[in-house]
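J.: Straight run, no breaks: the sequence shown in this note's numbering ends on number 71.
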Amino acid sequence: MQQGIINGTPLTDADERDVWNKLHDDQEYNVRSVAYLTVCNAHQLGIARPSPTTSLADTQALLARYNGTGARSLGTAAN
-7 MQQGIINGTP
3 LTDADERDVW
13 NKLHDDQEYN
23 VRSVAYLTVC
33 NAHQLGIARP
43 SPTTSLADTQ
53 ALLARYNGTG
63 ARSLGTAAN
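1. Between the beta-carbon of A56 and the beta-carbon of L37, is there less than 7 Å?
2. Helix, strand or coil for N33? Go by DSSP, reduced to three states.
3. Just to confirm my understanding: we take N33, look at its own chain, exclude 5 residues before and 5 after, and list those with CB closer than 7 Å. What are they?
4. According to DSSP, is S43 helix, strand or coil?
5. If you check the beta carbons only, do R41 and V26 fall under 7 Å apart?
6. What is the rounded straight-line gap between the Cα of G0 and the Cα of Q(-6)?
7. Under 8 Å by Cβ, that's how I've got L29 and Y21 pegged, so tell me the actual separation to the nearest angstrom.
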């Protein structure tokens, strides 16, 4: 939203449980969220937005970050 890519109202800490429940219980919501999260994660990692030409290393970093900070199953998250 701050980057002007998507519209809406930023979430707050009060939304955390509701979002977690939706990610866990609503497969459609979960899949739709991945695209937005990878764009956000790219910004957090200081790399370009994902595209078909994204390098293997950047893809690995994005997937690691998607798993959460400190995630190791898909690589090392930089943040």
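Note that beta-carbon positions come from the ideal geometry of N, C-alpha and C, so glycine has one too.
Remember, predicted model here, so these are calculated numbers, not experimental data.
T.: In terms of the structure at hand:
1. no
2. helix
3. L54, R57, Y58
4. coil
5. no
6. 10 Å
7. That belief does not hold up - the Cβ atoms of L29 and Y21 are roughly 12 Å apart, past 8 Å.
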